[in-house]
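Everything below concerns the one structure shown next.
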Amino acid sequence: MPYDPTLYDDLKPDRDYEPPPYSSWPLAQHGPDPRPDWVLTDNNALDTELGVLKTGKEADVHLVRRALPDGPGCLLAAKRYRSSEHRMFHRDAGYQEGRRTRKSRDARAMAKRTTYGRAIAAGQWAAAEFGALARLWDLGAPVPYPVQLLDTELMLEFIGSADGTAAPRLAQCRPAAGELADLFAQCTQAMRVLARAGWAHGDLSAYNMLVHEGRLVLIDLPQIVDVVANPQGAVYLERDCVNVCRWFGSHGLDTPDLDHLFGDLMAEAVAAF
Numbered sequence: 059m060p061y062d063p064t065l066y067d068d069l070k071p072d073r074d075y076e077p078p079p080y081s082s083w084p085l086a087q088h089g090p091d092p093r094p095d096w097v098l099t100d101n102n103a104l105d106t107e108l109g110v111l112k113t114g115k116e117a118d119v120h121l122v123r124r125a126l127p128d129g130p131g132c133l134l135a136a137k138r139y140r141s142s143e144h145r146m147f148h149r150d151a152g153y154q155e156g157r158r159t160r161k162s163r164d165a166r167a168m169a170k171r172t173t174y175g176r177a178i179a180a181g182q183w184a185a186a187e188f189g190a191l192a193r194l195w196d197l198g199a200p201v202p203y204p205v206q207l208l209d210t211e212l213m214l215e216f217i218g219s220a221d222g223t224a225a226p227r228l229a230q231c232r233p234a235a236g237e238l239a240d241l242f243a244q245c246t247q248a249m250r251v252l253a254r255a256g257w258a259h260g261d262l263s264a265y266n267m268l269v270h271e272g273r274l275v276l277i278d279l280p281q282i283v284d285v286v287a288n289p290q291g292a293v294y295l296e297r298d299c300v301n302v303c304r305w306f307g308s309h310g311l312d313t314p315d316l317d318h319l320f321g322d323l324m325a326e327a328v329a330a331f
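If you use our numbering, the sequence shown corresponds to residues 59 to 331, in order.
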């Protein structure tokens with residue numbers, strides 16, 4: 059029988075076909091156990107991009123839905139550190155003091171800000187945030203659950219409503235007097251949890267705290283500082299205290315004496331060393 063290529067038209071690959079966006083869970087480093095019930099670990103789940111939640115100098119945060127076809131799913135915040143040519147890690151030096159880079163080649167490349175060095179730095183920032191969130195989650199701190207880490211992408215618990223509306227930042231809120239006092243108490247308690255682990259947030263302000271259904275949640279922790287090992291640790295801790303007291307004070311709350319708060323937290327951090 060002569061060869062008729064039309065007989066095989068239905069077997070030709072579709073040039074417009076795109077493989078389904080399967081979950082990256084099997085390839086990633088996973089968050090601490092026990093995992094929350096909502097974390098979807100099935101390899102057949104699909105990751106669907108829903109939009110951008112936030113853009114920043116070092117990273118962008120995207121909204122992702124991870125779900126089984128016709129099955130259960132969850133919303134995630136995918137924090138993606140910028141590519142080496144666009145990233146602006148303008149404060150690396152101070153925050154990185156007290157941390158170690160094992161390979162001398164990596165350390166030299168980071169110091170010279172080469173393309174390779176910037177790639178290493180991005181990975182270190184992502185890994186530092188993932189590690190800090192995992193430890194703080196275990197300690198009961200009010201932070202998003204760190205679902206997974208893959209290269210320079212950090213998948214986090216989405217803090218917001220089921221329709222994909224993100225929780226507002228504290229800076230966007232205008233809480234009443236009673237709520238203001240409660241949020242301040244939650245904030246200082248969170249700072250104490252960090253201090254008891256020997257840490258300061260390092261960049262704490264009303265812009266990196268979310269408020270969801272009355273609950274305060276700390277975010278943006280790649281620069282977390284070891285208060286004792288970092289020579290500037292006390293400076294960063296004091297700045298966190300100043301930022302917090304200033305914001306709550308400017309909104310009408312009679313906050314504790316700044317030196318008293320800083321002294322208590324510093325004592326907690328030193329005791330943890």
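Note that beta-carbon positions come from the ideal geometry of N, C-alpha and C, so glycine has one too.
Small disclaimer: the values here were computed from a predicted structure and weren't measured.
Determine the extent of the alpha helix (DSSP H) in which residue i is found, giving its start and end residues.
{"i": "E326", "result": "L316 to A330"}
{"i": "D240", "result": "A235 to R254"}
{"i": "D298", "result": "G291 to S308"}
Residue i lies in the beta strand (DSSP E); which residues open and close that run?
{"i": "Y139", "result": "G131 to Y139"}
{"i": "R124", "result": "A117 to A125"}
{"i": "D105", "result": "L104 to T113"}
Ordered along the chain, which non-local residues of its own chain (more than five positions away) have a Cβ less than 8 Å from that of residue i?
{"i": "H148", "result": "Note on H148: pLDDT 46, under 50, position unreliable in the model; no value is reported."}
{"i": "D118", "result": "V110, K112, K137, R138 and R140"}
{"i": "L274", "result": "P200, L228, L241, Q244, C245, A248, M267 and L268"}
{"i": "N301", "result": "L262, S263 and A264"}
{"i": "A220", "result": "L133"}
{"i": "A239", "result": "L311"}
{"i": "C303", "result": "T313, P314, L316 and L319"}
{"i": "L126", "result": "L98, D100, N102, A103 and L104"}
{"i": "L208", "result": "S82, L85, A86 and Q87"}
{"i": "S162", "result": "Residue confidence for S162 is low, a pLDDT of 49 falling below 50, so the modelled location carries little weight; the figure read from the coordinates is stated next. None."}
Give me whichever residues DSSP pairs with residue i in a beta bridge.
{"i": "V275", "result": "L268"}
{"i": "Q206", "result": "H88 and M213"}
{"i": "A258", "result": "V283"}
{"i": "A224", "result": "G218"}
Near residue i, which residues of its chain fall below 7 Å by C-beta distance, leaving aside the five closest residues on each side in sequence?
{"i": "T172", "result": "In this predicted model, T172 has a pLDDT of only 42, less than 50, meaning its place in the structure is not dependable; the value taken from the coordinates is given anyway. Closer than 7 Å at Cβ, skipping near neighbours: no residue."}
{"i": "L108", "result": "L121, V122, R123 and G222"}
{"i": "Y294", "result": "A258, G260 and V283"}
{"i": "F306", "result": "L238, F242 and T313"}
Using a Cβ-Cβ cutoff of less than 6 Å, which residues in the same chain neighbour residue i once the five nearest sequence positions on both sides are dropped?
{"i": "D298", "result": "A258, H259 and L262"}
{"i": "A224", "result": "L111 and G218"}
{"i": "A327", "result": "A253, G256 and V285"}
{"i": "V251", "result": "L197 and A199"}
{"i": "P92", "result": "none"}
Contact check, residue i vs residue j under 8 Å by CB: the rounded distance?
{"i": "W183", "j": "P90", "result": "Not quite, the Cβ-Cβ distance comes to about 20 Å (not below 8 Å), so this is no contact."}
{"i": "I282", "j": "A135", "result": "Wrong, their Cβ atoms sit about 18 Å apart, outside the cutoff."}
{"i": "E187", "j": "L279", "result": "5 Å"}
For the pair the region 103 to 117 and the region 75 to 95, tell me if three or more CB-CB distances fall below 8 Å.
They touch, by the three-pair rule.
Are the region 205 to 213 and the region 229 to 238 touching by the rule of at least three beta carbon pairs closer than 8 Å?
Three or more Cβ pairs closer than 8 Å define a contact, and the region 205 to 213 falls short of that threshold against the region 229 to 238.
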